[in-house]
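Residue numbers (UniProt numbering): 1 to 285.
Cβ coordinates follow ideal geometry from the N, Cα and C atoms, glycine included.
Scroll down for the structure; my scribbles are underneath it.
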Amino acid sequence: MGKFGPMIREIRLAKGMTLNELAKDIISVPFLSKYERGASDISAENFFQLLDRLNVRLSEFEALNANLKQETQDSFLEKYSYATNNDNLILLNQLLADEKQYYQQSANIRHLHNQIILKQYINNMTHLPYNQEDSKVIKDYLMKVEDWHLYEIELFGNSIFFLPLATTEFLVKTAIKKTYLLDRISNNKHVLAQVIANVITRMIEADELMKARQLIELGKKQLTHTKFYYEKTYLHFFEGYCLLKEGKELGENYCQQAIDVMKTLKDYETANHLTSYLDEHGFKL
């Protein structure tokens, strides 16, 4: 927490607060002064108390602390998403080189995980087989973690494409059970819902309709009392698709309802994607 002291000072001055006003009943004024100079450290509890006194949320503090942006996982995921969406092999290889360097500098395991994700995606793009030893590293890490946080959910979500189907099925159920403080952290729940939807897609592609239906029910349960309408609509579509595959006419209604919702929300790209998905699999509405 010590490296954040100078940023705390900048925020305090920007808000026109004195050392006394910020430190009151949290830490001593001399100690706060030393902390702001980067000459001492404070506990996580005191750090969050200072942020609360400053009326700054942790997410805002992270955004303000631009010096850390290059090393954050959010920064990596943003670049990785751009590279994969654009099939940019040059950027993927540059990210791989960066992550190797970060891992050598810090030994933070997430940089090793990021390397594995990048290498597996590059293998996929270049029509090479996935590295099974690398897949095992991700699987073993996720299985041994006692409580899943946002990092673990995102790691699993970005590893779905190369993990064996049976492993994916097991881990998605593990994620639902082990996500830490899930009901209290809305963003975690949101990301998990997206991950469940991606696993359902894999199950359907593998023609594992019964397993897909089970996950759809789990996903619907996770979305109870939420306003994640996109994810709810996505699940509704794939529930309809499963019904269509089973020869039930109700499936056509479900799929059409989901597509109509996307059109109403002017999300024409997703509406077109879902329509094309049906066409590619032999169903026309």
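Residue pairing of T179 in beta bridges, as defined by DSSP: W148. Inter-segment contact for the stretch 121-132 and the stretch 165-176 is absent: fewer than three beta-carbon pairs are separated by less than 8 Å. Residue T84 holds the alpha-carbon nearest to the alpha-carbon of I117 among Q101, D25, Q104, T84. For N123, the enclosing alpha helix (DSSP H) covers residues 109-125. In this structure, the straight-line span from the alpha carbon of S106 to that of D98 is close to 12 Å.
Distance from the CA atom of L235 to the CA atom of M125, rounded to whole angstroms, is 28 Å. Contact between the stretch 196-207 and the stretch 154-163 is present: 3 or more CB-CB pairs across the two stretches fall below 8 Å. Spatial neighbours of Q73 in its own chain (CB-CB distance under 7 Å, excluding positions within 5 residues in sequence) are listed in chain order as R110, Y151. At a Cβ-Cβ threshold of 8 Å, E249 and I216 do not count as neighbours. An exposed status is given to R37, since fewer than 16 other beta-carbon atoms sit within 10 Å of its beta-carbon. Short of 7 Å from the beta carbon of L19, and not among the five residues preceding or following it, lie these beta carbons of its own chain, in chain order: V29, L32, S33.
When DSSP states are grouped into helix, strand and coil, M17 belongs to the coil group. Here the alpha carbon of A63 sits roughly 31 Å from the alpha carbon of T174. Only buried fits G219, as 16 or more other CB atoms lie within 10 angstroms of its CB. Contact annotation, L92 with L50: C-beta distance approximately 39 Å; criterion of less than 8 Å not satisfied. When the beta-carbon positions are compared, A271 and K284 stay at least 8 Å from each other.
When rounded, the separation of the alpha-carbon atoms in R9 and S40 is 13 Å.
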